[in-house]
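*Asks:*
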Amino acid sequence: MKRTTKYLVSVSSVAFVALAANPAIAAGTDAGSSITNTVTVDYQVGGVDQSDITAADTFTVDRAVNVIVAELGNATTTVSPGQDDAVTTFDVTNETNGYVDIALAVSQLVGGTAAHGGTDSFNASNVRIYEDDGDGSFDAGDTLVTFLDEMDNGETRRVFVVADIALGLATGSVADVELTGTAREGNAGTTGGAVGAAITATTGGDTAGVDTVFADTDGVFDGIAFDDDDFTVQAAALSALKGSTLLAVNYPISGATEFYNIPGATVEYCIAVTNASGGADATGVAISDTIPATTTFVASSIVIGGTATIDDNGTPGNTADDVLTGCDNSAGSSGGSFAAGTVSATIGTVAAGTTEIVTFRATIN
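Note that the sequence shown covers residues -26 to -1, 1 to 339 in mature numbering (1 follows the signal peptide of the UniProt record, and there is no 0).
#1: Taking Cβ to Cβ, would you say Leu78 is nearer than 7 Å to Ile42?
#2: Need the endpoints of the beta strand (DSSP E) that Ile139 sits in, please.
#3: With distance defined between alpha-carbon atoms, name the residue in Ala168, Leu215, Val169 and Ala250 nearest to Thr333.
#4: Which of the three DSSP states, helix, strand or coil, is assigned to Asp295?
#5: Going by DSSP, what residue range makes up the beta strand (DSSP E) through Ile265?
#6: Give the secondary structure of Val84 by DSSP, where H, G and I count as helix, E and B as strand, and everything else as coil.
#7: On the DSSP bridge list, what partners appear for Glu242?
#8: Helix, strand or coil, according to DSSP, for Asn11 in the structure here?
#9: Could you check if Ala1 is buried or exposed, using at least 16 other CB atoms within 10 Å of its CB as the buried criterion?
#10: Which residue's Cα is closest to the Cα of Thr323: Asp203, Ala98 and Leu212?
#11: The beta strand (DSSP E) that contains Thr67, what's its start and end?
#12: Report the CB separation of Gly315 from Ile284 in whole angstroms; it is logged as a contact under 8 Å.
#13: Does the Cβ of Ala49 have 16 or more other Cβ atoms within 10 Å, making it buried, or fewer, making it exposed?
#14: Within this structure, are the beta carbons of Asp31 and Asn11 separated by less than 7 Å?
#15: Does any C-beta atom of chain C lie closer than 7 Å to the C-beta of Ser7?
#16: Could you say which of Asp180, Ala260, Asp58 and Thr130 lies nearest to Tyr73 if we only look at CA atoms?
#17: Between which residues of its own chain and Asp113 is the CB-CB distance below 8 Å, once the five residues before and five after are set aside?
#18: Give me whichever residues DSSP pairs with Tyr225 in a beta bridge.
#19: For Ser308, count neighbouring C-beta atoms within 10 Å of its own C-beta (all shown protein chains included) and say buried if the count is 16 or more, exposed if not.
#20: For Ser311, write down the residues that DSSP places opposite it in a beta bridge.
#21: Express the C-alpha separation of Asp75 and Thr181 in angstroms, rounding to a whole number.
#22: Could you please give me the residues that DSSP links to Ile278 through a beta bridge?
#23: Look at the Cβ atom of Val194, then the Cβ atom of Val80, and state whether they are nearer than 7 Å.
#24: On the DSSP bridge list, what partners appear for Ile103?
#25: Touching or not, the stretch 125 to 141 and the stretch 53 to 64, by the rule of three or more beta carbon pairs under 8 Å?
#26: Between which two residues does the beta strand (DSSP E) holding Thr28 run?
#27: Tell me, which residues are paired with Glu45 by DSSP?
#28: Consult DSSP for Ala(-3) and reduce its assignment to one of helix, strand or coil.
#29: Would the stretch 117 to 130 and the stretch 160 to 171 be scored as touching if the rule is three or more Cβ pairs under 8 Å?
In structure tokens form, the structure reads like this:
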């Protein structure tokens, strides 16, 4: 800060009666502002009031550069495998006492502890930064940016870090993303053009002009701030089993008490779709089953829904050795379709930790 001082002239019988300020320094006072403090001295000589004398001190407010980047909320952002435009949200605040541009950049961890305690295990792709249009939500009105233009003293803007999530990721996979904001020179509030030049701190003590001081609260003093958020995958882990049961109905040998897979016999196929516990619900689940050419589909035999009996062979959680031992479609509903030798049926949602079934019948040719 530059300072100019006018000193009082020595007088006799002096009484200080007032101290006037115009105005006092407050946090956030704009850089370049002049702060003037004036004192008035009232006195008498021989009991007679004399003309007041005054003295003033004036200095110029220097620039204290400080930027804050803060994740909005304090929880991970849940995403699905293959999700496009996954969004995490940050607020960027200019605590500098003057206009600055704030350059933005995103980096990602490679391993290590992520923002909310998980272990970083993958990187998101197609990472972009958008400035909010003022409604607080990521939408088509937001602007793709690399910096925030002409941020005023105390101004906060919301930005979204948007990325795509790869297919095939397991539940619990984590990608940490870090948003960094770097203060750059502003243009006194005039928007447009490229990001401003790098800011250089004044060295060597107070000068006659507006000095620049980095005032970061992290103690690094470089005009740079950052915060982290992370994406955590919640996937659906689907597995499918298929079995068949020989039916007594329409068996070609009248009066038979034992049944065999002979021409003319009818079999009921069961398809069981299981979604493992601990993940996401699977939606839009549909099956497509091309029947063997040596069988004939039984019209209107598709039933969606019911229960399955599955033997895990003593290894719970390991679907590789599971065996479908029975199906009950009595609570199911007719549906699906058959065309060009293919059975099609839409199950819809298979909630985590549940199994849904589809059954249909075919006759052995």
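Cβ atoms here follow ideal geometry from the backbone N, Cα and C, with glycine treated the same way.
*Replies:* The relevant details are as follows:
#1: In the sequence shown, counting from the first residue as 1, residue 78 sits at position 104. In the sequence shown, counting from the first residue as 1, residue 42 sits at position 68. Taking 7 Å as the Cβ cut-off, Leu78 and Ile42 do not qualify as a contacting pair.
#2: Within the sequence shown, the letter at position 165 stands for residue 139. Run containing Ile139: none; DSSP gives neither H nor E here.
#3: The residue given as residue 333 occupies position 359 in the sequence shown. Per the Cα distances, Leu215.
#4: By 1-based counting over the sequence shown, the position of residue 295 is 321. Reduced to three states, the DSSP call for Asp295 is helix.
#5: Your numbering for residue 265 matches position 291 in the sequence shown. From DSSP, Ile265 is part of no beta strand (DSSP E); its letter is neither H nor E.
#6: Locating residue 84 in the sequence shown gives position 110, counting from the first residue. Coil, per DSSP.
#7: As a position in the sequence shown, residue 242 is number 268, starting the count at 1. Per DSSP, Thr219 and Arg335.
#8: Indexing the sequence shown from 1 puts residue 11 at position 37. It is a strand residue.
#9: Along the sequence shown, one-based indexing puts residue 1 at 27. Interpretation of Ala1 is limited by its pLDDT of 41, a score under 50 that renders its predicted location unreliable; the figure taken from the coordinates is listed afterwards. Counting the other Cβ atoms within 10 Å of the Cβ of Ala1 gives fewer than 16, which makes it exposed.
#10: Within the sequence shown, numbered from 1, the residue matching residue 323 stands at position 349. Nearest C-alpha to Thr323: Leu212.
#11: Counting from one through the sequence shown, the residue named residue 67 turns up at place 93. Bounds of the beta strand (DSSP E) holding Thr67 are Ala60 to Asn68.
#12: Reading the sequence shown from its first residue, position 341 is the one you call residue 315. Reading the sequence shown from its first residue, position 310 is the one you call residue 284. Taking 8 Å as the upper bound for CB-CB distance, Gly315 and Ile284 are not in contact here, some 28 Å apart.
#13: Counted from its first residue, the sequence shown places residue 49 at position 75. Ala49 is exposed by the Cβ-count criterion.
#14: One-based indexing of the sequence shown puts residue 31 at position 57. One-based indexing of the sequence shown puts residue 11 at position 37. Here Asp31 is near Asn11, since their CB atoms are less than 7 Å apart.
#15: Although the question refers to chain C, the structure presented lacks it and comprises just one protein chain.
#16: Your numbering for residue 73 matches position 99 in the sequence shown. Nearest neighbour of Tyr73 by Cα position, chosen from Asp180, Ala260, Asp58 and Thr130, turns out to be Thr130.
#17: As a working mapping, residue 113 is identified with position 139 in the sequence shown. Taken in chain order, the residues that qualify are Asp107.
#18: Mapped onto the sequence shown, residue 225 falls at position 251. Per DSSP, none; premise fails for Tyr225.
#19: Stepping through the sequence shown from its first residue, residue 308 is reached at position 334. Burial check for Ser308: the Cβ neighbour count within 10 Å stays below 16, so the residue is exposed.
#20: Stepping through the sequence shown from its first residue, residue 311 is reached at position 337. Beta-bridge pairing by DSSP links Ser311 to Ser318.
#21: Stepping through the sequence shown from its first residue, residue 181 is reached at position 207. Stepping through the sequence shown from its first residue, residue 75 is reached at position 101. Rounded to whole angstroms, Thr181 to Asp75 spans 24 Å at the Cα level.
#22: Here residue 278 refers to the residue found at position 304 of the sequence shown. Answer by DSSP bridge pairing, in chain order: Ser307 and Val332.
#23: Locating residue 194 in the sequence shown gives position 220, counting from the first residue. Locating residue 80 in the sequence shown gives position 106, counting from the first residue. Taking C-beta atoms as the reference points, Val194 and Val80 fail to come closer than 7 Å.
#24: Your numbering for residue 103 matches position 129 in the sequence shown. Residue pairing of Ile103 in beta bridges, as defined by DSSP: Val135.
#25: Contact annotation: the stretch 125 to 141 touches the stretch 53 to 64, with at least three C-beta pairs closer than 8 Å.
#26: Position 54 of the sequence shown, counting from 1, holds the residue named residue 28. Thr28 -> beta strand (DSSP E) spans Ile27 to Thr34.
#27: Here residue 45 refers to the residue found at position 71 when the sequence shown is read from its first residue. Answer is Phe64.
#28: One-based indexing of the sequence shown puts residue -3 at position 24. The pLDDT assigned to Ala(-3) is 33, lower than 50, so where the model puts this residue is not dependable; a value taken from the coordinates is nonetheless given after this. Of the three classes helix, strand and coil, the one that applies to Ala(-3) here is coil, per DSSP.
#29: With three or more CB-CB distances shorter than 8 Å, the stretch 117 to 130 counts as touching the stretch 160 to 171.
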